Each structure stands twice: as C-alpha cells, then as structure tokens.
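A.B. asks: One structure is given below, represented as structure tokens, and several questions about it will come after.
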Amino acid sequence: MSAPALPRWADIVLLPLVNLAMAMVVAGTVMALIGQNPVKVMAMMAQGAFGSLRGVSYTLYYTTTFIFAGLAVAVAAHGGLFNIGAEGQGTLGGLGAGLVALWLSYTMPAIVVLPLMILAAAAFGAAWAAVPAWLQAYRGSHIVITTIMFNFIAYTLLVYLLVNVLKAPGSMAVESAAFGDAASLPTIKEALERFGIDWPSSPLNLSFFLALLAAGGVYVYLWRTRAGYRLRTVGSSAGAAEYAGIRPAHQMMIAMAISGALAGLIAANEIAGVNRRLLLDFTAGAGFTGIAVALMGRNHPVGIMLASLLFGALYQGGAEVTFEIPGFTRDMVVTLQGLVILFSGAMAYVLAPALSRLLHMTPWMQSSPAR
Amino acid sequence: MDAILAGTLIASTLRVATPLILCAMAGMLAERSGVVDLGLEGKMLFAAFAASAAGVASGSLLVALIVACAIGVLLSWLHGFACVTHAGDQVVSGMAINIIAAGLTVVLAIAWFEQGGQTPPAPDAVRMKALWPGAAQALGPVIGEGFFSQSVLVYVALLSVPAVWWLVYRTRFGLRLRAVGENPNMVDTAGLSVRRLRYLALTLNGVLCGLAGAYLVLAQSAAFGPNMTAGRGYMALAAMIFGQWRPFPALGACLLFGFLDTVAVRLQGVKLPNVGEVPVQAIQALPYVLTVVLLAAFMSRNAAPRALGKPFVKEH
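Taken in order, these protein sequences are the chains called A and B.
Number 246 in the numbering used here belongs to position 246 of the first sequence; there are no gaps in the numbering.
Offset between the second sequence (1-based) and the numbering used here: plus 371.
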C-alpha cells in the first residue's frame, strides 16, 4: 500500500521541520553519549546566538556568508546542476577582491575600490565556475567531479600565490599585506557610529545587505523573468527545454556563472568586511554549508535566508558554548550540519509516507475533502 | 639515478598509493553497480579513527582491523539505505557522510581521548610492521627496499586489483554487477534483486574503505588526527575515473598520483635543468588537473556505467 500524497503545506513546512528535528535528535543523542546535556547545550547555543545584540551581530555575520553560499548552490540546482565547487569559487572570489585591493586600495578612495572589489570577487567566482560548466555543457564531463577537482586546484593556486607572490615581505604568516583603508567594507558598528548610534563590536558588515539584495535578485530573476524561466525549464527537463527552443548548454553556462558569482561574493563578507587581507582557507567550509542551507531552504531564497539564519545561529551559538563547556568544539556543529544534509537532502522523503499516514489519521484531515 | 634513491622513491610511491588503490577499488565496485560513491573520503576517515580507537582500547591488531571494516560497511549501508532503499540523491548522501565523518570523528576523539581531536599513538602490538625487515640487505636497495620492505596491507592493496578484476569480469556476480550498473531494469526483469546486488557491492566497498582507513593509522602514521585523510578519498575517486572505471588503469592512476606526491615532497626548492624551480603546488595540483583534462578529452567514449547515479525504482 502506498501512502497518500502529502498536502502542499506539509511538504513545504512540516516535512523540512521534521527532518531538521531528526538531525537535532541524532546530534543530541551523540551529545548525551559523550556526557553532555543536549538540552543545556542547545539552550546555551540559543542564548549565545540571540541573547545579546553582540551575539545577534555575530549570528548575522555567519548568516551573510551562508546566504551567498546557499544561493550559489540553489541557482545551479535550478539549472539542474549540483555545484559542489562553491568553496573553490569563493576562494577565487577572494583572490579577485584581494588583487583589486592590493592594487588600488593605497591610492584610490573607497567609493572606487569597494565596488571594484565586489565586482572582481563576483567575476573571478563566475569565471572559476564557468570552466566546469563549459566542460559539462559541451564535453559531458560530470560537473560534480570537475567542481570537486576545481576546489583543490583553487586551494593550491591560492597557496602558491600567497607563498610566492602576494606574501607581505618580512612576514612569516602565509597571508597578503593588510589592505589600505579604502578596501574595508564598513562594519555595522562603524556605519552606525556616523549616525551617533552605539552598536556592539562584531564582524557584521554592510555585505549583509548585499546578501539580502542578492536573495531578492535571485528571486526576481528565477521567478519573475523570462531568462529565469528558461533556466528553470532546463533544470526541470533539458529535453523539453530543447523542444521549446531553449538551448540547455547555454542555460547551464548561465546558471553556473551566476552560481559562481554568488559564491565569489563570500569574499565581500570575509575578505573586504572582516579580514581585510587575503589569507588561506577564509571560506572555512562555507561552500559545503551552502549545500545544507540550499537543501533545507528547498532552493528558495526565503527558505535559504531562514536556513542561513539557523546555521549562523548554530555557528555563533556553538562558538559561545566552546567557552562554557570543556570538550565542546565547532566539530559538533559540523556534525549537525552533515546530519542536516543527510536528513533534509539524501533522506528527505524517507519519512514522508509515515508523516502522510499520520496526518490522514487526524480527524481534521479526514473531514477535509481529498485533494 | 643512484639505486638508494630509486629504492626510496618506489617504496614511498607504493606507500602513498596504497590507500588510494583500496579506495579506488571500493569506488569501482559501488559505481559499477550504479551507485555514485562520493563518501570514500568520509568512510576512510571514520575507519581510520575507528581503527586507532579500537587499537588503543583493545591492544589487538585484529580487533582494530575488524572495527575499521565494520565502520566502513555500516557507513556504506547508510549510503545504501538512503540511496538504494529510499532512492535518495547519491551525491548528496556521499557529501553528508563526508561531513558527518569530518565532524563526528573529532567530537568522539575529544570526548574519549582529550587530546584535541587526536588519538594517542597505537601501542606497538597494534602497528603493522614490514613483512620482511631484512629485505633491503637480502635483495639490494631497489628490489628489496623498493618492493619488499612494506607492510602487509600494501600487498593486500596490490592484490585487490586483480581480485576486483576477476570478480567483475570473470564471475557470475561480476556480470550481474556490471549489468545492474548499465541497465537495472533488465536485471530486474531477469528476476534478480537490484537492491541485493547493490547492497553486496556496497558491503565489499565498505570493507575496502575500512582497510584503507586502517592503513593510515596502523602503518603510515602512528595516531589519528583531525581530517587526516586530507582529500585522499576524492583523489581515489579521481584515479578511478582517470582509469575509466577499470581496475588496472585505475591502479596505474593511483601509482601515478602516488609518484607525483612523492616527487612533490622531494622537489621542494630543487632547480631542474631547463625548467628552473618547479612550484610544489603545481605538482600537487597535477592529479586534479589531469583528471579534469582526461574527463574532458575522453568522456565521449562513455566509460561511465550507464545507470550511474540514477536511483532504481521498481515498477509495480
């Protein structure tokens, strides 16, 4: 006997929440097994993430990066492609932003340098994504494999450039010289100080608004323009798109270029906003968090913003708990992230039949007419 | 080239290639049955942790090996549960396994051993020693040191290649395995269970991943460290694709990647005639670049199993 289909609201809202709860329960079980109190840990995480203005600022800082990464994965997914390369595209975005900053930030004003840095970040990210996209579209090389390879190549490229070319003279650390002031995207604290408003110190910077803008832009593009319709058509059925006169190879290139550009913008937050120099591994796995975020957010910008907020809170909350509970590290959050990908992604519909039967047993669902 | 250098290069290439070979053979069994296995990295990492933890706790090499293989198989079954039983996305499931392994191994290592995510070095009884310690004296630096100074898992890895070849190309199971990766509907029509065949392939895959992980902590380094696989699982996947899903070409790719890694370490700061100093990073990136180039150049030959990555849903 096959279970009846889930009603739409349950498919969009209830099932993701149930899957998230499953991941939380498994993570909580792990915590309990190693002698930590999961309820206490989760309460501390919530307190650390939302309990103070400073905590909220840190949460939103992490959220910013995850929105970019999640949108990157989602746009590619709407084009029918799985982009595992957001990590490498973000790395190249950092290189683009860094090169512009090292070139111009000591001589030019911020109004020139910052837009160029953001453009360069997006362009470098897009270019790094365009190669696997081209290979997939015209040579049939599987994009999952090529994007993984490009992550490693991006990393070794950055190591090479930082060690041999861009390293600050006389410095031991593998990082570039500090950028000039013109290359600093103002933090919220710095921005609000101009209006005389006091805000706690945090890495949260103006790229947060860029992320919101990007989310709005992705929504309008995908669901309110013909170009977006073409892209989604290819993602749903490349064959049908071809009959309708849409060239799938073209749309794959566009999807990956936008995806790579969004991933490149991670650098706006991490490089221009926070580190203000080019360094290794500033993406810190955000490209993979983006996969979890996109899966949880069902590839929709609103869902992605909510899922990014959740992961931002987990990262910030997790960092706070590290100070309080000995033996608790960020790795617990990484584990939870993997569990979310497992339950919301790979096993997304495992619970659907059971959930559906449960819903149809409730008197309220039985009285409503069958769909 | 002098003989001692040649001997060390050969020995080092074999050592680096061993986990790659085991994982590449594991990946081949899964992918020939039609299941994409991106989780090689995570399975190897978790098995390495399991081998180390079990070795430290029990003091027995056999227990360490069994636990490592058991963990590899369990993770493979999780992959099977998500993708074979419930037709979930195979790529996503593999990524999930990798990320869970990266996080959970460190969480458990900190909880159990309190050394910042490392495990204590395994006692001597658990370590794998060279099968024939006197080989270099008896057979000279090239043959002796190069080929016969290794621990048993190196030879197991080398033997796994003809074994997998024989299994895939010369047995009834292998014929069915290849069929289920090319056309599961046909296999189903013939009255065989697609699920059973894929689970069998995943089980063997888990054992081989377990051995690869065990090799890392019992023969190569002395203890487990966070993310110690460092992308080897992905490199094995690349080697398997580089070898076009065939055992012996994949072995060649693993040996090539192992040799490149060995050379990269030795070429640090060395000036080559006519070329000048080659950046180490360029040699390190070479396996990945080669794989991309090869994929782009030869994929028109359709080497990949036809049903790879497509979940099989039985029609009622």
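Note that CB positions come from ideal geometry on N, CA and C, so glycine has one too.
Note that the coordinates shown come from a computational prediction; the quantities given were computed from them, not determined experimentally.
Return no unless some Cβ of chain A is closer than 7 Å to the Cβ of L475(B).
C.D. replies: Position 104 of the second sequence, counting from 1, holds the residue named residue 475(B). So yes, L475(B) belongs to the interface.
A.B. asks: On a CA-only basis, which of V131(A), T156(A) and V350(A) is nearest V144(A)? Give me that one, please.
C.D. replies: For the purposes of this step, residue 144(A) is taken as residue 144 along the first sequence, with counting starting at 1. It is V131(A) whose Cα lies nearest to the Cα of V144(A).
A.B. asks: Establish whether the CB of D331(A) and some CB of chain B are separated by less than 7 Å.
C.D. replies: For the purposes of this step, residue 331(A) is taken as the residue at position 331 of the first sequence. By this cut-off, D331(A) is an interface position.
A.B. asks: Shorter than 7 Å from the beta carbon of P650(B) to some beta carbon of chain A?
C.D. replies: The count along the second sequence starts at 1 and reaches residue 650(B) at position 279. Yes, P650(B) lies at the interface with chain A (some Cβ there is under 7 Å from its Cβ).
A.B. asks: Which first and last residues belong to the alpha helix (DSSP H) in which H142(A) is found?
C.D. replies: For this step, residue 142(A) is matched to residue 142 along the first sequence. Taken as a continuous stretch (DSSP letters only), H142(A) belongs to no alpha helix (DSSP H), as it is neither H nor E.
A.B. asks: Under 7 Å, CB to CB, which of the residues in the segment 159-170 of chain A have a partner in chain B?
C.D. replies: Residues V159, Y160 and N164.
A.B. asks: Would P16(A) count as contacting chain B if we go by Cβ distances under 7 Å?
C.D. replies: Position 16 of the first sequence, counted from the start, is the residue given in the question as residue 16(A). Taking Cβ atoms only, chain B never reaches closer than 7 Å to P16(A), which makes this a no.
A.B. asks: In its own chain, which residues sit with a C-beta less than 6 Å from the C-beta of G125(A), not counting the 5 before and 5 after it?
C.D. replies: For the purposes of this step, residue 125(A) is taken as residue 125 along the first sequence, with counting starting at 1. Within the same chain, G125(A) has close Cβ partners Q89, L92, G93, G260, A261, A263 and G264.
A.B. asks: Using C-beta distances below 6 Å, list every residue in its chain close to G614(B), excluding the 5 sequence neighbours before and after it, in chain order.
C.D. replies: Reading the second sequence from its first residue, position 243 is the one you call residue 614(B). Only P620, A621 and A624 meet the Cβ criterion.
A.B. asks: Select from L631(B), D632(B) and V551(B) the residue whose C-alpha is nearest the C-alpha of F683(B).
C.D. replies: The residue labelled residue 683(B) in the question sits at position 312 within the second sequence. Closest option to F683(B), Cα to Cα, is V551(B).
A.B. asks: Cβ atoms of L351(A) and V18(A): under 7 Å apart, would you say?
C.D. replies: As a working mapping, residue 18(A) is identified with position 18 in the first sequence. As a working mapping, residue 351(A) is identified with position 351 in the first sequence. Result yes, Cβ atoms of V18(A) and L351(A) sit closer than 7 Å.
A.B. asks: Need the endpoints of the alpha helix (DSSP H) that E190(A) sits in, please.
C.D. replies: For the purposes of this step, residue 190(A) is identified with residue 190 of the first sequence, where counting begins at 1. That run of the alpha helix (DSSP H) goes I188 to E193.
A.B. asks: Tell me whether E686(B) is buried or exposed, calling it buried when 16 or more other Cβ atoms sit within 10 Å of its Cβ.
C.D. replies: Position 315 of the second sequence holds residue 686(B). E686(B) is exposed by the Cβ-count criterion.
A.B. asks: Give the DSSP bridge partners of S176(A), in chain order.
C.D. replies: Here residue 176(A) refers to the residue found at position 176 when the first sequence is read from its first residue. Answer is K167(A), bridged to S176(A).
A.B. asks: Only counting runs of 4 or more residues, tell me where the alpha helix (DSSP H) segments fall wholly within the segment 568-624 of chain B, in order along the chain.
C.D. replies: List check, alpha helix (DSSP H) in window: 603-613.
A.B. asks: Which first and last residues belong to the alpha helix (DSSP H) in which I392(B) is found?
C.D. replies: Locating residue 392(B) in the second sequence gives position 21, where the first residue counts as 1. Residues A374 to R403.
A.B. asks: Ignoring anything shorter than 4 residues, give me the alpha helix (DSSP H) runs that lie fully in the segment 76-114 of chain A, in order along the chain.
C.D. replies: With a minimum length of 4 residues, the continuous alpha helix (DSSP H) runs that stay inside the segment 76-114 of chain A are 86-104.
A.B. asks: Taking the straight line between their C-alpha atoms, what separation do you get for A96(A) and F417(B)?
C.D. replies: The residue labelled residue 96(A) in the question sits at position 96 within the first sequence. The residue labelled residue 417(B) in the question sits at position 46 within the second sequence. What sits at residue 96(A) in the sequence shown is Gly, not Ala. About 36 Å.
A.B. asks: Just how far apart, CA to CA, sit K500(B) and S522(B)?
C.D. replies: Looking up residue 500(B) in the second sequence gives position 129. Looking up residue 522(B) in the second sequence gives position 151. Straight-line Cα distance between these residues: approximately 5 Å.
A.B. asks: Against chain B, which members of the segment 319-348 of chain A pass a CB distance test of less than 8 Å?
C.D. replies: From the segment 319-348 of chain A, only G327, T329, D331, M332, V333, V334, T335, L336, Q337, G338, L339, I341, L342, G345, A346, M347 and A348 have a Cβ closer than 8 Å to chain B.
A.B. asks: Can S207(A) and T64(A) be called in contact, C-beta distance under 7 Å?
C.D. replies: On the first sequence, position 207 is the one that residue 207(A) refers to. On the first sequence, position 64 is the one that residue 64(A) refers to. In this structure, T64(A) lies closer than 7 Å to S207(A) by Cβ.
A.B. asks: Kindly indicate the opening and closing residues of the alpha helix (DSSP H) around Q251(A).
C.D. replies: The sequence position of residue 251(A) within the first sequence is 251, counting from 1. P248 to G264 is the span of the alpha helix (DSSP H), which, as asked, contains Q251(A).
A.B. asks: Using the Cα positions of L423(B) and L475(B), report the straight-line distance between them to the nearest angstrom.
C.D. replies: Within the second sequence, residue 423(B) is the residue found at index 52, counting from 1. Within the second sequence, residue 475(B) is the residue found at index 104, counting from 1. In the sequence on display, residue 423(B) carries Ser and not Leu. Their Cα atoms are separated by approximately 15 Å.
A.B. asks: Go ahead and pull the three-state DSSP assignment for K414(B).
C.D. replies: Residue mapping note: residue 414(B) aligns to position 43 of the second sequence, counting from 1. Helix, per DSSP.
A.B. asks: Ignore the nearest five residues each way along the sequence and tell me which others in P203(A)'s own chain have a CB closer than 6 Å to its CB.
C.D. replies: As a position in the first sequence, residue 203(A) is number 203, starting the count at 1. Closer than 6 Å at the Cβ level, and outside the excluded window around P203(A), lie Y61 and V274.
A.B. asks: Report the partner residues of S522(B) according to the DSSP bridge assignment.
C.D. replies: Taking the first residue of the second sequence as position 1, residue 522(B) is located at position 151. Answer is A501(B), bridged to S522(B).
A.B. asks: Of all Cβ atoms in chain A, is any one closer than 7 Å to the Cβ of T662(B)?
C.D. replies: In the second sequence, residue 662(B) corresponds to position 291, counting from 1. T662(B) counts as touching chain A.
A.B. asks: Against I188(A), what residues of chain B qualify as contacts under a CB-to-CB distance less than 8 Å, listed in chain order?
C.D. replies: Numbered from its first residue, the first sequence carries residue 188(A) at position 188. None at all; the shortest Cβ gap to chain B is about 30 Å.
A.B. asks: What residues in the segment 458-471 of chain B have a beta carbon less than 9 Å from any beta carbon of chain A?
C.D. replies: Within the segment 458-471 of chain B, the residues whose Cβ lies closer than 9 Å to some Cβ of chain A are A458, G459, D460, Q461, V462, V463, S464, G465, M466, A467, I468, N469, I470 and I471, listed in chain order.
A.B. asks: Near A370(A), which residues of its chain fall below 6 Å by C-beta distance, leaving aside the five closest residues on each side in sequence?
C.D. replies: To locate residue 370(A), count along the first sequence from 1; it is residue 370. Per-residue confidence for A370(A) stands at a pLDDT of 48, beneath the threshold of 50, marking its modelled position as unreliable; the derived number appears in the next sentence. Around A370(A): no qualifying Cβ.
A.B. asks: Is the CB of V144(A) under 7 Å away from at least one CB in chain B?
C.D. replies: Counting from 1 along the first sequence, the entry for residue 144(A) is found at position 144. So yes, V144(A) belongs to the interface.
A.B. asks: Just curious, the alpha helix (DSSP H) that S236(A) is in, first and last residue?
C.D. replies: On the first sequence, residue 236(A) is found 236 positions in, with the first residue counted as 1. Note, S236(A): alpha helix (DSSP H), R226 to S236.
A.B. asks: So which residues on chain A does G552(B) lean against when the C-beta distance must stay under 8 Å?
C.D. replies: Looking up residue 552(B) in the second sequence gives position 181. Going along chain A, no residue has its Cβ under 8 Å from G552(B), so there is no contact; the nearest lies around 15 Å.
A.B. asks: What residues of chain B sit near S141(A), judged by a beta carbon separation below 8 Å?
C.D. replies: Counted from its first residue, the first sequence places residue 141(A) at position 141. Per Cβ cutoff of 8 Å: V663, L666, A667 and M670.
A.B. asks: Looking only at C-alpha atoms, which of H78(A), P109(A), I12(A) and R230(A) sits nearest to S378(A)?
C.D. replies: The shown model of chain A, from 1 to 371, leaves out residue 378(A), and the question about it has no answer.
A.B. asks: Determine the direct distance from the alpha carbon of V100(A) to that of I118(A), and round the result to whole angstroms.
C.D. replies: Mapped onto the first sequence, residue 118(A) falls at position 118. Mapped onto the first sequence, residue 100(A) falls at position 100. So the alpha carbons of these two residues sit roughly 9 Å apart.
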